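In UniProt numbering, the protein residues as written are 1 to 206.
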């Protein structure tokens, strides 16, 4: 994979994580889970040192968000791609190189890389959540039983419509619950909620 991948920054992150230069899309670093994912070439791969997603639409939206974060200085962006046919999904977070990330990047890669580096995290549907950690999360966020069940369903890759059908409740009720959940957790979008849950409640290693 050449020298584009430098597995020296936060190697113990269990999530597939990489550092990307938003100006040209080249990858400066990828941790071990991400390197394995890139070698499988699904759901993303390296093309001339640049990250490219299998889904053309997701790839287009990803690079739009990179440019937007670089130009506006916003802290983060979240993308969500669901393949209904194969019942799989991919959730992507992009974080501007601020705070802890900036310190870690400069320590591991050197300040010469400049301010255009972004931290990208990828979650796939196969990554389940730890039940005990999720119970603590739900209690801390003051989620009702119905709200916790909805979060669990969404984190498993289900749509709001499917969650409503499985619980035999109106879609309007489920949407209202999701609105309440986002307010309680401080998340702006469903994708951001998924990232929060999967990062706080990762699957335990066997």
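Every residue, glycine too, gets a C-beta built ideally from N, C-alpha and C.
The model shown is predicted, which means the values in this text are computed figures rather than measured ones.
Kindly list the residues whose CB is nearer than 8 Å to the CB of residue 184, restricted to its own chain and excluding five residues on each side of it in sequence; keep chain order.
-> 141, 142, 143, 147
Is residue 177 closer than 8 Å to residue 150 when the C-beta atoms are compared?
-> yes
Excluding the 5 residues preceding and the 5 following residue 187 in the sequence, name in chain order all residues of the same chain whose CB lies nearer than 7 Å to its CB.
-> 193, 196
CB residue 92 to CB residue 119, shorter than 8 Å?
-> no
Compute the Euclidean distance between the alpha carbons of residue 165 and residue 23, then round it to the nearest angstrom.
-> 44 Å
Compute the Euclidean distance between the alpha carbons of residue 208 and residue 72, then round it to the nearest angstrom.
-> It is not possible to answer for residue 208, since the shown part of the chain is limited to 1 through 206.
What is the rounded straight-line gap between the Cα of residue 39 and the Cα of residue 159?
-> 29 Å
Whole-angstrom Cβ separation of residue 191 and residue 79, contact assumed at under 8 Å?
-> 6 Å
Is residue 74 helix, strand or coil when you go by DSSP?
-> coil
What span of residues does the alpha helix (DSSP H) with residue 121 cover, start to end?
-> Here residue 121 belongs to no alpha helix (DSSP H); instead the beta strand (DSSP E) covers 117-124.
Boundaries (first-last residue) of the beta strand (DSSP E) holding residue 20 | 16-21
Determine the direct distance from the alpha carbon of residue 42 to that of residue 155, and round the result to whole angstroms.
-> 20 Å
Reduced DSSP secondary structure (H/G/I, E/B, other) of residue 153 = helix
Residue range of the alpha helix (DSSP H) that includes residue 193 = 190-200
Between residue 90 and residue 122, which are expected to be in contact by the criterion C-beta below 8 Å, what is the C-beta distance as a whole number of angstroms?
-> 6 Å
Option nearest residue 52 by Cα separation, candidates 138, 25, 19, 135 | 25
Going along the chain, which residues of its own chain have a beta-carbon closer than 8 Å to the beta-carbon of residue 4, five neighbours each way excluded?
-> Here the model assigns residue 4 a pLDDT of 42, short of 50, so the residue's position is not dependable, and the following value carries that caveat. For residue 4, where only same-chain residues beyond five positions count, the Cβ hits under 8 Å are 26, 27, 28, 46, 49.
Buried or exposed: residue 17, going by 16 or more other Cβ atoms within 10 Å of its Cβ?
-> buried
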